[in-house]
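If you're matching positions, the sequence shown starts at 1 in full-length UniProt numbering and goes up one per residue.
All C-beta atoms in this analysis are idealised placements derived from N, C-alpha and C, irrespective of residue type, glycine included.
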Amino acid sequence: MAAKYVQEPVKVVTGSYDRTLKIWDLHNVACIETKFAGSSCNDLVTTDSLGSTIISGHYDKKIRFWDIRTEKQADDLLMNAKITSLDLSKDGKLLIASLRDDTIQLIDLRKNSIISTFSDEHFKLSCDWARCSFSANAQKIACGSTDGLIYLWNLDGYVEATLKGHSSGSGFFHSAAVHAVSWSPTCNGLASVGKSKRCIIFSEA
Numbered sequence: 001m002a003a004k005y006v007q008e009p010v011k012v013v014t015g016s017y018d019r020t021l022k023i024w025d026l027h028n029v030a031c032i033e034t035k036f037a038g039s040s041c042n043d044l045v046t047t048d049s050l051g052s053t054i055i056s057g058h059y060d061k062k063i064r065f066w067d068i069r070t071e072k073q074a075d076d077l078l079m080n081a082k083i084t085s086l087d088l089s090k091d092g093k094l095l096i097a098s099l100r101d102d103t104i105q106l107i108d109l110r111k112n113s114i115i116s117t118f119s120d121e122h123f124k125l126s127c128d129w130a131r132c133s134f135s136a137n138a139q140k141i142a143c144g145s146t147d148g149l150i151y152l153w154n155l156d157g158y159v160e161a162t163l164k165g166h167s168s169g170s171g172f173f174h175s176a177a178v179h180a181v182s183w184s185p186t187c188n189g190l191a192s193v194g195k196s197k198r199c200i201i202f203s204e205a
């Protein structure tokens with residue numbers, strides 16, 4: 001369900017429904033380590049280019065922290081619902097987690113504690129693998145919904161805007177659930193995909 005570089009471009013870590021995390025050597029095309037999580041992994045992130053810490057989100061409502069230098073799990077954080085996705089701020093201090101209770105939790109990794117919750121009465125996650133995303137400067141959070149909208153929150157917890165798709169020209173729009181969004185790491189471009197089978201890219205003028 002998820003893959004990220006570890007010690008890029010040498011290794012990749014993957015998380016899957018078989019309740020494991022696997023580390024792969026890309027040069028030898030082989031699995032070199034398996035970590036047993038005990039629950040399906042829906043998403044994961046790594047804290048830096050060295051991948052010293054892996055953070056994984058699971059079906060059993062737990063966010064797990066792994067030290068790549070050891071075989072065992074380092075810590076975990078229990079949430080209120082199963083986790084569908086994770087995203088990390090560039091500085092590695094903040095983590096967002098989208099949950100199946102239709103909330104997004106902001107976690108301060110320096111304290112391993114939730115510091116804010118984002119929601120809206122009309123916002124509903126579309127599936128168990130729905131993806132949320134931090135903006136490049138980590139000042140905004142985006143996530144798609146079953147109503148075909150993309151919700152944008154600021155860190156104060158307010159919905160700043162909802163995106164419906166292209167309003168003119170090609171006529172592309174999300175007529176159905178939006179499953180995943182991803183912000184460009186270098187600018188304000190936001191890519192989104194959904195049940196409509198289209199990829200729509202938004203950009204600020």
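For residue 199, the enclosing beta strand (DSSP E) begins and ends at 199-202. Put simply, of 144, 106, 122, 157 the residue whose alpha carbon is nearest the alpha carbon of residue 200 is 144.
The DSSP assignment places complete beta strand (DSSP E) segments of no fewer than 3 residues inside the stretch 42-67 at 53-58, 62-67, in order along the chain.
A direct Cα-Cα distance of roughly 25 Å separates residue 31 from residue 83. Shown here, residue 15 sits in a strand according to DSSP, grouped into three states. When the Cα atoms are used, residue 78 and residue 136 turn out to be separated by approximately 27 Å. Sorting 96, 126, 188, 124 by C-alpha distance to the C-alpha of residue 114 places 96 at the top. The count of Cβ pairs closer than 8 Å, one atom from the stretch 148-164 and one from the stretch 106-122, reaches three, so the stretches are in contact. Going by DSSP, residue 76 is part of the beta strand (DSSP E) stretching over 73-78. Taking every protein chain shown into account, the CB of residue 126 has 16 or more other CB atoms within 10 angstroms, so this residue is buried.
Nearest neighbour of residue 102 by Cα position, chosen from 110, 66, 151, turns out to be 151.
Shown here, residue 92 sits in coil according to DSSP, grouped into three states, outside any helix or strand. With contacts defined as CB atoms closer than 8 Å, residue 180 and residue 196 fail to qualify as a contacting pair.
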